[in-house]
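Chains as they are written, first to last, in my numbering: chain G, 771 to 1340; chain L, 923 to 1073; chain Y, 5 to 120; chain B, 1477 to 1758. Glycine included, each C-beta is placed from N, C-alpha and C at the ideal position. Here the structure is a predicted model, which means the values were calculated and not measured.
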Amino acid sequence: MADTISHDLIIIGSGLAGLRAAISAASTHDSLNIAVVAKVQVMRSHSVSAEGGTAAVIFEEEGDNKESHIYDTIKGSDFLADQDVAELLVRSMPFEIYQLEHWGMPWSRRENGRIDQRKFGGYSFPRATYAQDKVGFYEMQTLYDTCLKYDNIHFYNEWFCTSILSDAKDFRGVTAIEMKSGDFVKFKAPAGIICTGGAGRIYSFSTYAYSSTPDGLDMAYRAGLALKDMEFVQFHPTGILPSGILITEGARGEGGYLINNQGERFMKKYAPTKLELASRDVVSRAMMREIQEGRGFKHESGVDCLKIDLSHLGEDNIKKRLAGIREIGIKFSGIDVIEEPIEIRPVCHYMMGGIHTNINGATEMTGLWAAGEAACNSLHGANRLGANSTSECLVWGRITGRLAAEYAVDHPSVSSISQHQVIEEEKRIYDGLFRSRGQVNPYEIRKELTDTMDAKAHIFRNEKDLAEGLKKVRHLKQQAWKHVDDHAKEYNTNFINVMEIDSMLRTAEIVLAGAFNRRESRGAHARTDYPNRDDINFLKHTIGYLTTQEPKMSWHPVTFTRYAPMERKY
Amino acid sequence: MKISNEWVNNRENREGIKGWLNPSRYGWERISYWFQRLTGVFLLVYFIGHVYETSSLLRGENAWNAMLEITQTPGGHIFLILVIGTSTFHSTNGIRLIFTHGGKGLGNPGRPDYPYDAISLNYRQRSGIWVALILAAIAMLYGSAVLFSGK
Amino acid sequence: MMFKESQIMKIHYTTGLAALFVVAVHIIVRLMTPSFSLSLLYENVINNYHNIPYSILLESILILIAIHGFNGLRIILLELRQNKPWEDGITIFTIAATISIIAYGTRTILVANWLG
Amino acid sequence: MNQIIKKIRMLEKKNNQKDMTKINNTKAETSRQMVVLNVYRANTHRNDLPRVEKFQIPVQRWMTVLDALLFAKSYLDSSIAIRYSCRMASCGSCGMKINGVPKLACYTKISELQGNTITCEPLSNFPHIRDLVTDFSQFFEHHKEMAPFIHNNNADIKDENKLSEFKQTPQDVDNYLQFSYCIKCGLCYSACPTVATDTKFPGPQALSQAYRYYADTRDDLSNRRLNAVDGKHGIWRCHFAGSCSKVCPKGVDPALGIQLLRGHIMGYSRNENKIAKLRDPT
Ligand SMILES: Cc1cc2nc3c(=O)[nH]c(=O)nc-3n(C[C@H](O)[C@H](O)[C@H](O)COP(=O)(O)OP(=O)(O)OC[C@H]3O[C@@H](n4cnc5c(N)ncnc54)[C@H](O)[C@@H]3O)c2cc1C
Ligand code: HEM
Ligand code: SF4
Ligand code: F3S
Ligand code: FES
Chain G
771 MADTISHDLI IIGSGLAGLR AAISAASTHD SLNIAVVAKV QVMRSHSVSA EGGTAAVIFE
831 EEGDNKESHI YDTIKGSDFL ADQDVAELLV RSMPFEIYQL EHWGMPWSRR ENGRIDQRKF
891 GGYSFPRATY AQDKVGFYEM QTLYDTCLKY DNIHFYNEWF CTSILSDAKD FRGVTAIEMK
951 SGDFVKFKAP AGIICTGGAG RIYSFSTYAY SSTPDGLDMA YRAGLALKDM EFVQFHPTGI
1011 LPSGILITEG ARGEGGYLIN NQGERFMKKY APTKLELASR DVVSRAMMRE IQEGRGFKHE
1071 SGVDCLKIDL SHLGEDNIKK RLAGIREIGI KFSGIDVIEE PIEIRPVCHY MMGGIHTNIN
1131 GATEMTGLWA AGEAACNSLH GANRLGANST SECLVWGRIT GRLAAEYAVD HPSVSSISQH
1191 QVIEEEKRIY DGLFRSRGQV NPYEIRKELT DTMDAKAHIF RNEKDLAEGL KKVRHLKQQA
1251 WKHVDDHAKE YNTNFINVME IDSMLRTAEI VLAGAFNRRE SRGAHARTDY PNRDDINFLK
1311 HTIGYLTTQE PKMSWHPVTF TRYAPMERKY
Chain L
923 MKISNEWVNN RENREGIKGW LNPSRYGWER ISYWFQRLTG VFLLVYFIGH VYETSSLLRG
983 ENAWNAMLEI TQTPGGHIFL ILVIGTSTFH STNGIRLIFT HGGKGLGNPG RPDYPYDAIS
1043 LNYRQRSGIW VALILAAIAM LYGSAVLFSG K
Chain Y
5 MMFKESQIMK IHYTTGLAAL FVVAVHIIVR LMTPSFSLSL LYENVINNYH NIPYSILLES
65 ILILIAIHGF NGLRIILLEL RQNKPWEDGI TIFTIAATIS IIAYGTRTIL VANWLG
Chain B
1477 MNQIIKKIRM LEKKNNQKDM TKINNTKAET SRQMVVLNVY RANTHRNDLP RVEKFQIPVQ
1537 RWMTVLDALL FAKSYLDSSI AIRYSCRMAS CGSCGMKING VPKLACYTKI SELQGNTITC
1597 EPLSNFPHIR DLVTDFSQFF EHHKEMAPFI HNNNADIKDE NKLSEFKQTP QDVDNYLQFS
1657 YCIKCGLCYS ACPTVATDTK FPGPQALSQA YRYYADTRDD LSNRRLNAVD GKHGIWRCHF
1717 AGSCSKVCPK GVDPALGIQL LRGHIMGYSR NENKIAKLRD PT
């Protein structure tokens, strides 16, 4: 029988959200015994790849104001954001910037010693706080290092969580596999926070780390929790070919041009005032139009693309503010952005949807919270603004960390966990996957799945594609692919991959189902067969629950405070 | 926590002495490190031998001359030339190291540009190592001139 | 602990530099004697020892190099293996070896000085 | 707009003329169709005897060693154990010895390597787990021993209504910024000759982090940081072999950090009062 590890609070995932939550919980109560469990070594989470900036209003004396940040966020979301949530983000953010600064964050500075900010898409004021172009990396490092100050935070490096244990609707813990030894164990805790990040690896061409698979979302989904707004997948305008590695929006924030094969800054046709700095959905759609209308370049890998030109920014500026981009260009594309434009193409970048939570990050399960990209507290609505996501991770990391810590103090010991659930889970993963006898190579299935998503649920969608996509995914689920070739216990990444693929299939299905049901175009979700926004029928969130058959879909209202929906123009 | 820590520790996988003895993969500073160590130990051995050698003075002229015999052979000469060379290298390079170990002559930290060539491994260090090697060679040439002609 | 490692290393560097200096003087003195092989004659050598400043020079070379050299050896041995008996052993060995070689060399200098 | 067209045309021409092997201006590239990938295989827990397995990998110009390994894992032998995540040299997962030298797999293009065989082995100086995967616990422990965080009574903001930052000019930042590039990939630790035998030596990564926080004007632990590394197996066991800086993929230059920190211990470099001031909140 699986060993049990007890903690007061267990945080699953160690990205920005997870680490921020850990610090927040640890400083709420120093007697709390906190576990941070992640399937990678904790400081290697996907958040290290974030490049461009973190949004916050800190220069009110220079004309910025919180009201404007709130409105920009809501407008960016195509009015699907919960407005009280956007307000909470904006009001909490300045604190986070300064707190990180006090913990050692190397923010880029102005000559007078103050923190600097840069322009970002969709904002009416330059408010992306940055540290060169390695913002996420430095934030992760600062938070990780600060965590080391607290003796009551225990890191579990490379422990893969497989399921949530619950008692009726109360959180009890999780089951996990220690990758190093292959042992299956259960974690027992009265409180938990899911911070497992995004799921962008369900697309082939994606900016995400390989570890960004939806197993965290799927865990919640299997535990009976709802996934919300999953059809909203953000495509970032500038990913390099063929790897999909990101060129940050900061590159356009600093003044980069997008050009087509006529050498034209085509964005002036689509967003005359903001040009390249319109919100991402707008820019990505414009780019796909250009490509579809034959004004794209051909990359040597055979894919159509456009280019981003930074050469006019000057060597000094690039080396100082976009050094990482230059490095990526030279290394992965063979192009020095100081000298010539670099080939780029819209690329899967962010999941607006996630585990359904309320404004405080609480899920439908008592004792369980969710924060960061895995959660959908409806901050981003139908489209996230760049630099708002790291902000979200920080703010809700802090909020959920504190709330979960307080809850854990009030509910010290957990009554025993249901053995039945543990045995069921063991059956699911060991009998169902590990010892299963499929013939099809799971990696082929993964490739087919991600290619299907790229083809059928990309920037422009339509009923036919989505229906075909759904059919294809359901077909893939049925295929005899479930098996693990690697029979060793220790560090079995093959087994982990197969569990990830299992979760990817279920998550892809709900993305497609949500997109199929939403017969309108809103934010990142653009239906060619329903090109307009339809506030009468669809100004509401999609909700999906797992059933043994198809996902059960329903709707959830949007919270409004002060801002009435209106047409979006950039 | 203590689920499976014991077994991994039983194989440290340290490179061990091999790591000291194979300086070829990492550039000149690594070779300098290896050479400084080698010459240091060599000189220490020589030094102990030398103190013993001089002590033969006390056992009278014959003992002294017997000792001298050993060094007056071609083999002994080559050994002495090696001592001259190694001590020259060790001292010259040693002076460079005394500076660099205190961070002098390395340059200031800043924002390295891709491709990142470490500034601490700059031309000054490399020329320092070369100077030490060349001085050692000159000293050895001079030494052999004296030794092999002095007879 | 008696010394901080930084203090030991400062001693290491100073003894190294000082040794270089005195060895240089030693060699220059040697070079001033007419011929190399002549300088090694028993009488000449013994005579040198009668020269008090020169004996002091030799003694300081002895002390400096002994300290520097055995501390160097200590460093290497410390890096080789890490456990308490070994490390304590090294400390004792280093001190003992330094003292003995100094004592042994000093004996030569003193006795040679006294030798006719 | 015409200017841009001209520029692009010009560049395209230039590109076409460029020899394919010269596209990467830092290192010569070689192009081939197939390479042989030698992968070190062993499961230390099972006491497996180490063996080397060969895989034939079709290559494309942009392929990295990580791509090649993942190709092998997906289609040739799915039991290869390997650690990876970001594939863009920012997470630090994929350190391994490639042709004998510690490198990041995702940051080493096949075209940069000479010859038709590529050999991948686990990092040395880390306890081995399986195949290319090693155990980083001790390495992280060393990092933690350096107290790698800002120590300052004002580090936690107490009055949320009076928000303000410590003032640091860009020059102040540059003093430590380089050392905070570190992605904890462990390549330096694997290359250092002292780490090869000294199990208590913190290693270049940890020591350079000690300098990173020492040099940060927001930190007030100054002398205590110096004393903390001044032990028998501390900073003095670095002999400036420089291998750490040689292999570091991120330009951290740990050797520089270590020597600078030592300069402060020896008193070569003055430790003037450097604590940054909080800006007056307005
Ligand atoms: C290339 C790129 C650049 C970006 N740039 C910006 C930017 O400039 N500004 C901005 O605001 N946002 C940016 N974003 C978005 C932002 O980085 C992410 O949304 C954010 O980092 C997500 O953080 P997180 O803490 O929610 O999750 P992550 O950092 O993704 O962490 C997820 C964690 O969960 C763990 N985990 C997952 N599954 C399991 C499991 N089954 N068991 C155990 N652990 C598990 C993982 O190991 C990991 O530790 C960018 C995103 C990308 C892809
Ligand atoms: C002539 C007699 C000398 C002997 C027997 C001797 C011996 C040694 C030994 C055994 C080492 C250890 C090697 C190591 O740590 O890697 C060493 C290191 C060193 N020596 Fe010498 N040495 C001598 C002269 C000198 C001189 C004249 C100098 C300088 C002017 C010098 C400077 C150094 C330095 C800087 C080190 C390096 C210490 C380190 O790497 O931490 N030595 N020496
Ligand atoms: S200093 Fe460089 S080589 Fe060492 S761990 Fe950090 S990034 Fe890696
Ligand atoms: S390789 Fe090791 S010896 Fe010093 S300079 Fe780097 S830490
Ligand atoms: S995979 Fe992240 S550094 Fe290579």
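For the pair Gly962 (chain G) and Gly986 (chain G), the Cα-to-Cα distance works out to about 13 Å. Chain order gives no chain L residues near Ala22 (chain Y), where near means a beta carbon separation below 9 Å; the closest approach is about 11 Å.
Contact of Thr1022 (chain L) with chain Y is not assigned, every C-beta pair being separated by 8 Å or more. Separation of Lys998 (chain G) and Phe1602 (chain B) (C-alpha to C-alpha, rounded to the nearest whole angstrom) is 43 Å.
Judged by the Cβ position, Leu1016 (chain G) qualifies as a neighbour of ligand 1 at the 7 Å threshold, a heavy atom of the ligand being closer than this. Residues of the region 1679-1691 of chain B with a C-beta atom less than 7 Å from some C-beta of chain L do not occur. Not one heavy atom of ligand 1 lies closer than 7 Å to the C-beta of Trp1139 (chain G). Shown here for Leu1683 (chain B): same chain residues with a beta carbon closer than 6 Å to its own, the five before and five after excluded, namely Ile1711, Ile1734 in chain order. In the DSSP assignment, Trp956 (chain L) falls within the unbroken alpha helix (DSSP H) covering 950-977. By the Cβ-count criterion, His1012 (chain L) is buried, with 16 or more other Cβ atoms from all chains shown falling within 10 Å of its own Cβ. By the beta-carbon neighbour count (other beta carbons within 10 angstroms, threshold 16), Val1268 (chain G) is buried. Between Arg936 (chain L) and chain B, the shortest Cβ-Cβ separation is below 8 Å.
Ligand 4 approaches Ala1717 (chain B) closely enough that one of its heavy atoms is under 7 Å from the residue's Cβ. One alpha carbon belongs to Leu1069 (chain L), the other to Asn55 (chain Y), and they sit about 26 Å apart. Here the alpha carbons of Gly1314 (chain G) and Thr1277 (chain G) stand approximately 10 Å from one another.
Per DSSP, Gly941 (chain L) has no beta-bridge partner at all. Distance from the CA atom of Val1705 (chain B) to the CA atom of Met1622 (chain B), rounded to whole angstroms, is 8 Å. Near chain G, meaning a CB-to-CB distance below 9 Å, the residues of the region 1029-1053 of chain L are Arg1033, Pro1034, Asp1035, Tyr1036, Pro1037, Tyr1038. Phe1616 (chain B) is outside the set of residues whose beta carbon lies under 8 Å from a beta carbon in chain L. Rounded to the nearest whole angstrom, the C-alpha separation of Asn1030 (chain G) and Leu1076 (chain G) is 5 Å. For Tyr1340 (chain G), no alpha helix (DSSP H) encloses it, and the DSSP letter there is neither H nor E. Thr932 (chain G): member of the beta strand (DSSP E) spanning 929-937, first to last residue. For a cut-off of 8 Å, the C-beta gap from Ile1010 (chain G) to Asn922 (chain G) is around 42 Å, too long to register as a contact. Judged by their CB atoms, Ile1129 (chain G) and Val855 (chain G) are nearer to each other than the 8 Å cut-off. For Leu1019 (chain L), at least one C-beta of chain B is nearer than 8 Å to its own C-beta.
If you draw a straight line from the Cα of Gly1014 (chain G) to the Cα of Arg1537 (chain B), it comes to about 16 Å.
In the three-state scheme derived from DSSP, where H, G and I count as helix and E and B as strand, Tyr1200 (chain G) is classed as helix. With a contact defined as Cβ atoms closer than 8 Å, Pro1111 (chain G) and Met1057 (chain G) miss out at about 14 Å. Scanning its chain for C-beta atoms nearer than 8 Å, with the 5 sequence neighbours on each side dropped, one finds around Val1512 (chain B) the residues Lys1530, Phe1531, Gln1532, Ile1533, Asn1592, Thr1593, Ile1594, in chain order.
Contact between the region 1516-1525 of chain B and the region 1539-1550 of chain B is absent, with fewer than three C-beta pairs closer than 8 Å. Residues of chain G whose Cβ lies closer than 9 Å to the Cβ of Lys1643 (chain B) are, in chain order, Arg879, Asn882, Gly883, Arg884. Ranked by Cα distance from Ser10 (chain Y), the options L:Val1053, L:Phe1001, L:Gln1047, L:Gly1024 are led by L:Gly1024. DSSP places Leu859 (chain G) in the helix class (H, G or I) of the three-state scheme.
With a threshold of 7 Å, the Cβ atom of Pro1335 (chain G) does not count as near ligand 3, since no heavy atom of the ligand is closer than that. Distance from the C-beta of Leu918 (chain G) to the nearest heavy atom of ligand 3 is not below 7 Å. In the pairwise beta carbon analysis, the region 1227-1242 of chain G is classified as not touching the region 909-922 of chain G: fewer than three pairs are separated by under 8 Å.
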